[in-house]
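Numbering (my numbering), first residue to last: 1358 to 1446.
Note that the Cβ used here is the ideal one computed from N, Cα and C, for glycine as well.
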Amino acid sequence: MGHSEQMIENQFIQILSEKENQWTYRPDLKTEDALWQNFRGHLNRINLSLLEDKLLTDKEFNQVKVEFSRLTGTPFLASQRPITSFLYD
1358 MGHSEQMIEN QFIQILSEKE NQWTYRPDLK TEDALWQNFR GHLNRINLSL
1408 LEDKLLTDKE FNQVKVEFSR LTGTPFLASQ RPITSFLYD
């Protein structure tokens, strides 16, 4: 990564981490798989009562990933959908 590209990346991380953005840089999340596993952990934690204290199986989580990809397609398409539409599809 060139010096200017690294500088831009650092500035972007700083902007995302400021004030109302409430984003925290996680240096441990460097791969897509790590991001999915982090997401899976949040899904399990948030929905524990709905899951009757059971964690999502690999098969169930793969279904979540497929549906998530279908609903969003690309980051651009995902940004075009109102957040409430994800709740009622």
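- One thing to note: N1419 has its Cβ no nearer than 8 Å to the Cβ of L1408.
- L1386 and W1380 do not touch by the CB rule: their CB atoms are close to 12 Å apart, not below 8 Å.
- Between Y1382 and I1370 the beta-carbon gap is near 5 Å, inside 8 Å, which marks them as a contact.
- S1406 sits in coil when the DSSP states are folded into three classes, being neither helix nor strand.
- The same chain holds no residue with a CB closer than 6 Å to that of Q1368 once the five nearest residues on each side in sequence are set aside.
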